[in-house]
Structure formats: structure tokens, C-alpha cells
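Down below is the structure, laid out as C-alpha cells.
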Amino acid sequence: MGKNKWIFILLGFISLGIIAILSGVFVDIEINERAHDSFVIKGYEYEGDISKKAFMHLYDSISNQKSNGTLEGNLAVLFFTHPNEIKKAKVIVGVIGNHSVQDSLFSTYEQKAFKEVYSVINLGELFTPNPSNVVDAIDLYTKEKNLKGNKYLEYYSKETQVIQSVIIE
């Protein structure tokens with residue numbers, strides 16, 4: 008019975024370690040500021056619960072349209088609500104590019120040049136921060152610096168890199 012007790016304790020610690028790694032506990036989140044050029048996001052508007060399959064389907068649809076060449080640019084989600092407000096989100100899921108032609112299939116939103124408070128997340132690394140923790144760190148930074156942001160932007164600058172930011176106007 009004594010051996011089994013130590014095996015269970017060891018498995019418990021291993022499980023806690025795995026959970027901590029997956030939740031991003033061991034990751035320092037680096038926050039930066041920069042000026043950002045204007046952009047146009049072209050995609051689909053969505054209002055509702057972003058944990059639902061409908062939102063995931065929309066996200067996959069944009070990704071597929073980007074892959075087959077219907078849409079060109081960096082995959083992005085522009086949040087008009089706080090990203091952690093999962094149940095009542097208002098977003099545009101699409102691609103960021105220099106879209107000058109209006110298209111009846113897609114909504115477009117033009118963002119004028121702005122200051123961006125952001126964090127870069129490198130995907131596929133062992134220690135990757137939890138996106139919710141990144142948003143919280145960005146919020147804390149903007150509060151400490153007395154900056155006001157009302158829109159959040161998440162975009163893939165590379166296939167293995169996501170930038171989470173708040174737009175400071």
C-alpha cells in the first residue's frame with residue numbers, strides 16, 4: 008500500500024505540472040506599445056457567444072476562404088466588446104489587408120491609424136500564455152499607463168504567431 012501512495016502522489020504532481028503548463032502559468036507576458044498603420048478588415052460580423060459552434064464555424068470558414076484565395080491578408084478578429092466577455096461578444100472575423108473594393112458577401116471595417124498595446128504569442132512553444140491571461144495583462148498595462156482602449160484586435164502576423172492587442176485611439 009505504501010508504494011501505491013507514492014505513485015499516486017507522483018502522478019498528482021505530474022498532473023498539476025501539466026495543467027500549469029497548459030494554462031500558461033510559467034510564462035512571462037511581454038507587453039509593448041507601437042504606432043500601427045490604418046487597416047481594413049474584411050469578413051463576417053458576429054454577435055453572441057464566441058464559445059458556440061456557430062462562431063467556430065465562422066472562423067473556420069474565413070480560414071478556408073483565405074486558404075483557397077477568396078480572401079487575402081492576415082487572419083484576424085476585431086472585438087468591439089471585451090474579448091473575455093464570451094457570451095455577449097460583438098466581432099468581425101476576417102482578414103486584414105488593403106481592401107479597396109466593397110463586396111456584398113463580406114462586411115468591412117476601416118480602422119484609422121492608431122496606437123497599439125500588444126503582446127506577441129508564439130504558437131507551438133511548450134510555454135505559451137493563455138490568451139485570457141494576455142488580455143488581462145494588456146488591460147493591467149493600459150490601466151497603469153492611463154490609456155483608454157475600446158476595441159481589441161487578435162491577428163496572425165505569421166502562421167505560428169498571434170498578436171493580441173488593444174486599440175488606443
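Residue numbering for the sequence shown follows the numbering used here, beginning at 8 and increasing consecutively. C-beta: ideal position from N, C-alpha, C; glycine also. The structure displayed is predicted, hence computed values, not measured ones.
Whole-angstrom Cβ separation of residue i and residue j, contact assumed at under 8 Å?
i    : j    : result
T149 : V124 : 6 Å
I48  : Y159 : Not quite, the Cβ-Cβ distance comes to about 12 Å (not below 8 Å), so this is no contact.
A144 : I38  : 6 Å
V98  : I57  : 7 Å
V142 : N91  : 6 Å
Roughly how many whole angstroms lie between the Cα atoms of residue i and residue j?
i    : j    : result
V100 : F46  : 14 Å
V173 : Y66  : 20 Å
E54  : F113 : 15 Å
F33  : V169 : A caution first: F33 carries a pLDDT of 49, below 50, which makes its placement in the model unreliable, though a value can still be read off. F33 and V169: Cα-Cα distance of roughly 19 Å.
F62  : A96  : 10 Å
S139 : T77  : 31 Å
E79  : L147 : 34 Å
K59  : H89  : 17 Å
E166 : K119 : 25 Å
A42  : D35  : 23 Å
Y7   : A83  : For residue 7 there is no data in the structure shown, the boundaries of the chain being 8 and 176.
F87  : G104 : 19 Å
I175 : N71  : 31 Å
D44  : K94  : 31 Å
N129 : S164 : 10 Å
E40  : G156 : 12 Å
I28  : K73  : Residue placement at I28 is poorly supported in this model, since its pLDDT is 49, which falls under 50; the coordinates are not used for a value here.
N137 : H64  : 22 Å
S4   : K152 : Past the boundaries of the shown model lies residue 4; the chain is included only from 8 to 176, so the question cannot be answered.
Pull the bridge partners of residue i from the DSSP assignment, please.
i    : result
A42  : K122
S2   : Since the first residue of the chain shown is 8 and the last is 176, residue 2 is not available in this structure.
N129 : Q168
L78  : The partner list for L78 (beta bridge, DSSP) is empty, contrary to what the question assumes.
L85  : I99, L160
I69  : According to DSSP, which records beta bridges pairwise, I69 is partnered with nothing at all.
Residue j and residue i - do their beta-carbons sit closer together than 9 Å?
i    : j    : result
P122 : L154 : Note that residue 122 corresponds to Lys in the displayed sequence, not to Pro. Cβ atoms of K122 and L154: closer than 9 Å.
L162 : N75  : The question names Leu, but residue 162 is Tyr in the sequence shown. Going by C-beta atoms, Y162 is not nearer than 9 Å to N75.
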